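Below is one structure, written out as structure tokens, with a few remarks after it.
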Amino acid sequence: MSERPLIVHVIHHLHIGGMENGLVNLINRIPRDRYRHCVVCAEDFSDFRDRIQPRDVSVIAMHKSKLTRVQLYRRLLSLFRQLAPSIVHTRNLSGLDALLPAWRAGVPVRIHGEHGWDVDDLEGRQLRPWILRRLHSPLVDRYVAVSKHIENYMTRSLHISPSRITQIYNGADIERFAPSRGKPWGIMPETFYGEDKVVIGTVGRLQPVKDQHNLLQSFALLLRENANFRDILRLTVVGNGPQRDALVAQSAQEGISDVTWFAGARADVARFYHCFDVFALPSLNEGISNTLLEAMASGLPIVATAVGGNVELVDENVNGRLVRASDPHALKSALRSYASDAALRRAHGDASRLRVVTHFSVDSMVSAYVDLYDTMRRARVTNLARTKGGSAG
Numbered sequence: 002m003s004e005r006p007l008i009v010h011v012i013h014h015l016h017i018g019g020m021e022n023g024l025v026n027l028i029n030r031i032p033r034d035r036y037r038h039c040v041v042c043a044e045d046f047s048d049f050r051d052r053i054q055p056r057d058v059s060v061i062a063m064h065k066s067k068l069t070r071v072q073l074y075r076r077l078l079s080l081f082r083q084l085a086p087s088i089v090h091t092r093n094l095s096g097l098d099a100l101l102p103a104w105r106a107g108v109p110v111r112i113h114g115e116h117g118w119d120v121d122d123l124e125g126r127q128l129r130p131w132i133l134r135r136l137h138s139p140l141v142d143r144y145v146a147v148s149k150h151i152e153n154y155m156t157r158s159l160h161i162s163p164s165r166i167t168q169i170y171n172g173a174d175i176e177r178f179a180p181s182r183g184k185p186w187g188i189m190p191e192t193f194y195g196e197d198k199v200v201i202g203t204v205g206r207l208q209p210v211k212d213q214h215n216l217l218q219s220f221a222l223l224l225r226e227n228a229n230f231r232d233i234l235r236l237t238v239v240g241n242g243p244q245r246d247a248l249v250a251q252s253a254q255e256g257i258s259d260v261t262w263f264a265g266a267r268a269d270v271a272r273f274y275h276c277f278d279v280f281a282l283p284s285l286n287e288g289i290s291n292t293l294l295e296a297m298a299s300g301l302p303i304v305a306t307a308v309g310g311n312v313e314l315v316d317e318n319v320n321g322r323l324v325r326a327s328d329p330h331a332l333k334s335a336l337r338s339y340a341s342d343a344a345l346r347r348a349h350g351d352a353s354r355l356r357v358v359t360h361f362s363v364d365s366m367v368s369a370y371v372d373l374y375d376t377m378r379r380a381r382v383t384n385l386a387r388t389k390g391g392s393a394g
């Protein structure tokens, strides 16, 4: 087994998050006789690492914030020389720091993936990140874009040739995330259960780019618009993050604390989707949202902002509604359309499930990455052979 090629995956943190969950799914599902894996964190990792199933996967923390750039470079260079990986696969802006050490260490294949956006740079227009991406471009053998929106950004803004980009969608585990015949008891507060109750749910890290503030505001507007909705509608927010205290305070200010529940970060998130009747994603921008895919696989109708990759997942008026970002009135109207129409919720939920099974399964994602890794390694071997043949001639 030792001759299996090694892939070193470089990310910022290994903790609860969509991109991180996708990486864990990838490592767990790639056939173990094909590749070995190592995860290098620019900063650190949490117990989220325990979700990696193969026991031979090392997770290494660089603690970048405690190092100078030269120190980080030297540590990465030494690590890559020691590990001698066949592929280094970096992700997002933080991963760029590993490309030069990987090149200097002679790593044959260097892949870089772009997975989403920061709230401070929603369209990738800030000068410094743009310069960093451009400067590192010659060190990248192949790019991965998780959405066509990001692929277009790479070609139009970063001027990367389309031939250097492979677009691979994230995928949902359609066995773990599947529709349920009923809501599991004992997960939500008792007042959230009942045949007449309609639970609007969202899942995600509580950070500015996810804009849960917009969801709370739109929910409050909906309750004020129709007094009967206070008896029917409930809002569940699953996740944790720096915005939690502000969101809890906002729910109190809006007068919706009694019908809103902040569940925190949960490992049993699949069961929460079974508690929801509608899934809402109010993000300011997205790559390809794993939680959105999970909700669709669970058979939920979707209300999402028309940003980034969301428009590639939600088929308007087929499996959900798309609304403008930062527009609580538009979000309120979309939620209202599902609030009292159970038949519409069922129809759009069924369409969500079918869409994921057909186009966005985790098995399809894994197969695409394995094909990419195999193709890039074969191309490298072929190029080396041609180079040696030319030298010999």
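Under the working numbering, residues 2 to 394 are what the sequence shown spells out, in order.
Cβ coordinates follow ideal geometry from the N, Cα and C atoms, glycine included.
If you're wondering where the values come from, they're calculated on a predicted model, not measured in any experiment.
Can you name, in chain order, every residue of its own chain whose Cβ lies under 6 Å from the Cβ of residue i, other than the five neighbours on each side?
i, result
"R134", "L159"
"A271", "R177 and F178"
"L236", "I201, F220 and T261"
"V11", "V41, T91, G96 and A99"
"P185", "R272 and H275"
"K211", "G205 and S284"
"S181", "H275"
"P6", "Y36 and S87"
Look up residue i in the DSSP assignment and give the residues it is bridged to.
i, result
"W104", "According to DSSP, which records beta bridges pairwise, W104 is partnered with nothing at all."
"I8", "H38 and I88"
"S59", "C39"
"Y144", "H113 and I166"
"V199", "L234"
"F263", "V238"
"T306", "V324"
"A281", "V304"
Assuming residue i contacts residue j (C-beta within less than 8 Å), just tell me the rounded distance between them.
i, j, result
"V58", "C39", "7 Å"
"G172", "S299", "Actually they do not touch by this definition, with Cβ atoms about 14 Å apart."
"L293", "N311", "7 Å"
"L217", "E255", "6 Å"
"S327", "N215", "6 Å"
"V60", "F46", "5 Å"
"I161", "S138", "6 Å"
"H13", "N93", "7 Å"
"I175", "V358", "5 Å"
"R143", "R165", "6 Å"
Beta-carbon separation of residue i and residue j under 8 Å?
i, j, result
"A331", "R337", "no"
"I303", "N320", "yes"
"D51", "L73", "no"
"H90", "I8", "yes"
"N286", "G19", "no"
"K65", "A85", "no"
"H113", "V141", "yes"
"V108", "R378", "no"
"T167", "L301", "no"
"M297", "L323", "no"
"W131", "G309", "no"
Within its chain, find whatever has a CB closer than 7 Å to the CB of residue i; leave out the 5 residues flanking it on each side and keep chain order.
i, result
"Q213", "T203, L207, V238, Q244, L248 and P283"
"G242", "R206, L207 and Q208"
"P163", "T156"
"I151", "E115 and G288"
"R33", "P55"
"R356", "M297, D316 and N320"
"A103", "F81, V89 and R111"
"A106", "L78, F81 and R82"
"M2", "Here the model assigns M2 a pLDDT of 43, short of 50, so the residue's position is not dependable, and the following value carries that caveat. None."
"G394", "Because G394 sits at a pLDDT of 45, beneath the cut-off of 50, its placement in the model cannot be relied upon, and the following sentence gives the value as read from the coordinates. Hits under 7 Å: none found."
Which residues in the same chain have their Cβ closer than 8 Å to the Cβ of residue i, if we skip the five residues on either side of it in sequence?
i, result
"F230", "L223, L224 and A340"
"I31", "H38, V367, Y370 and V371"
"V382", "none"
"M63", "V41, C42, A43, E44, L73, R76 and L77"
"G195", "none"
"L345", "P302, S338 and Y339"
"T233", "The identity of residue 233 in the sequence shown is Ile, whereas the question assumes Thr. Taken in chain order, the residues that qualify are D197, K198, V199, A340 and S341."
Beta carbon of residue i: closer than 7 Å to some heavy atom of the ligand ATP?
i, result
"S59", "Looking for the ligand ATP in the displayed structure turns up nothing, as the structure carries no ligands at all."
Review point. Should the segment 189 to 204 be called in touch with the segment 272 to 280, which here means at least 3 C-beta pairs below 8 Å?
Key: yes
Review point. Is the segment 256 to 265 touching the segment 143 to 158, taking contact as three or more C-beta pairs under 8 Å?
Key: no
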